[in-house]
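In the working numbering, the protein residues as written are 214 to 398.
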């Protein structure tokens, strides 16, 4: 699981969101910092572990599941001694989840690689796809979301293909220049 909170450096917050968007991270644990302004489509579930104190905060958290005509489900986890606040509607269904986990959540199919070049190095998504398919031995199905920043790029690659791709591209150049390529942490 990834995490996202105000105590993180901005670059680390951006990387956490990038890895969630490109499906390297399938779960994102966050504070209310994520309740507004994030442009991540298709949040399927919001799970409230600690409830906000005000109704508008609850609304903004849940709004992450309903962006751009998407649908999602919001869950509230309450301890038996906690009470549902008045701002949560009565139509909320109560589930008893004790001993109901029957399957382990699936792990991410992708991992993210970091490339030490970006827009300011005149690298674009087409250059990256060409490099990874021609020199890295990947097919287009092995490559997920690509994000090109000013001086770096991040690419989601199927996990089972990364090690071999890193080996075969270790001495290769992209657009005539050698760039550092490694698994992003």
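For glycine and all other residues, C-beta sits at the position ideal for the given N, C-alpha and C.
Check                                                                                                                                                                              : Outcome
What residue from 236, 239 and 244 has the CA that sits closest to residue 221's CA?                                                                                               : 244
Assuming residue 298 and residue 264 make a contact with CB atoms under 8 angstroms, what is their CB distance in whole Å?                                                         : 6 angstroms
With a threshold of 8 angstroms on Cβ separation, who are the neighbours of residue 347 within its own chain once the five nearest residues in sequence on each side are excluded? : none
May I have the straight-line CA-CA distance separating residue 370 from residue 357, to the nearest angstrom?                                                                      : 6 angstroms
Would a C-beta distance cut-off of 7 angstroms place residue 395 and residue 327 closer than the cut-off?                                                                          : yes
Here's a check: name, in chain order, each residue in its chain whose Cβ is nearer than 8 angstroms to the Cβ of residue 319, leaving out the five neighbours to either side.      : 239
My parser needs the alpha helix (DSSP H) runs of 4 or more residues fully inside the stretch 337–367; what are they?                                                               : 338–347
Measuring only the C-alpha atoms, how far is residue 349 from residue 288?                                                                                                         : 42 angstroms
Nearest to residue 368 by alpha carbon, out of 374, 296 and 359?                                                                                                                   : 359
Would you identify the three-state DSSP class for residue 276, choosing helix, strand or coil?                                                                                     : helix
Applying the 10 Å Cβ sphere with the 16-neighbour rule, what's the burial state of residue 268?                                                                                    : exposed
In or out: residue 334 buried (at least 16 other Cβ within 10 Å) or exposed?                                                                                                       : buried
Tell me the rounded alpha-carbon separation between residue 274 and residue 262.                                                                                                   : 12 angstroms
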